[in-house]
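The numbering used here puts the sequence shown at residues 90 to 246. The structure appears below as structure tokens.
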Amino acid sequence: MTGPAPTAAARDPRIPPLSVALGFGPAAILPLLALAAFLLPPRTAWIAVALAQLWGGSILLFLAGVRRGLSFFTEGGPRPVQVATSVWLFVLGLAGLALPAPFAFLAQILGYGTVGLTDPRAAKRGEVPAHFARLRPPQMAIAVLGLVALTVRVSLG
């Protein structure tokens with residue numbers, strides 16, 4: 090059931106327009122929720138914090154599944170590093186949902202940071218689409234920025 094990536098587009102380093110929208114859109118939700126957490130009155134700011142925790146953890150679980158799913162297209166079958174990365178992201182996504190803030194946000198920061206650092210290397214090895222090398226670092230930086238702000242907001246009380 091393994092084989093080469095499904096299309097030649099997977100080797101194209103240009104970021105497809107749909108990947109821009111579906112990549113940066115969900116990442117931008119976290120800074121927007123952080124902004125809301127700072128601007129809302131304390132009695133309602135917790136809603137933005139809770140939504141951010143749910144969103145951040147859910148997207149991280151999704152990214153774990155993306156990484157695992159792409160591993161099935163690796164020539165010769167999934168590599169141990171691909172499976173380990175997927176499990177790592179899954180565990181951090183679960184922690185991001187289950188732990189109380191700010192610990193949940195710290196787990197999510199670690200997860201999004203992992204994606205931002207590992208996907209460019211994985212793209213060079215052909216484990217993920219080539220455009221991930223250019224898409225993931227800024228996409229994950231946006232998410233991490235929001236998560237850092239949320240961590241600060243929660244720490245301030």
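We put the beta carbon where it would ideally sit given N, CA and C, even for glycine. Here the structure is a predicted model, which means the values were calculated and not measured.
Proximity to Ala141 across Arg225, Arg157, Gly182 peaks at Gly182, based on C-alpha coordinates. Counting only the Cα atoms, Leu129 lies some 14 Å from Pro120.
Where Thr133 is concerned, the enclosing alpha helix (DSSP H) starts and stops at 131-160. Secondary structure of Val172 (DSSP, three-state): helix. In the DSSP annotation of this structure, Gly166 is not part of any alpha helix (DSSP H), being labelled neither H nor E. For Gly205, the enclosing alpha helix (DSSP H) covers residues 192-213.
When Leu206, Ser244, Gly215, Ala212 are compared, the shortest CA-CA separation from Met229 is found for Leu206.
Following the DSSP letters along the chain, one finds Ile231 inside the alpha helix (DSSP H) bounded by residues 221-245.
DSSP, read as helix, strand or coil, puts Leu119 in helix.
Minimum Cα-Cα distance from Pro218 among the listed residues Val180, Arg156, Gly200 corresponds to Arg156. Distance check between Leu234 and each of Gly202, Gly166, Lys213, Arg223 places Gly202 closest, using alpha-carbon atoms only. Rounded to whole angstroms, the separation of the alpha carbons of Gly112 and Ile104 is 10 Å.
Beta-carbon to beta-carbon, Pro115 and His220 are separated by about 16 Å, too far to satisfy the 8 Å threshold. Contact annotation, Leu178 with Ala153: C-beta distance approximately 4 Å; criterion of less than 8 Å satisfied.
Judged by beta-carbon spacing, Leu236 lies within the 9 Å limit of Ala123, meaning their Cβ atoms are closer than that value. The distance from the Cβ of Ala126 to that of Ala117 is about 15 Å, inconsistent with a contact at the 8 Å cut-off.
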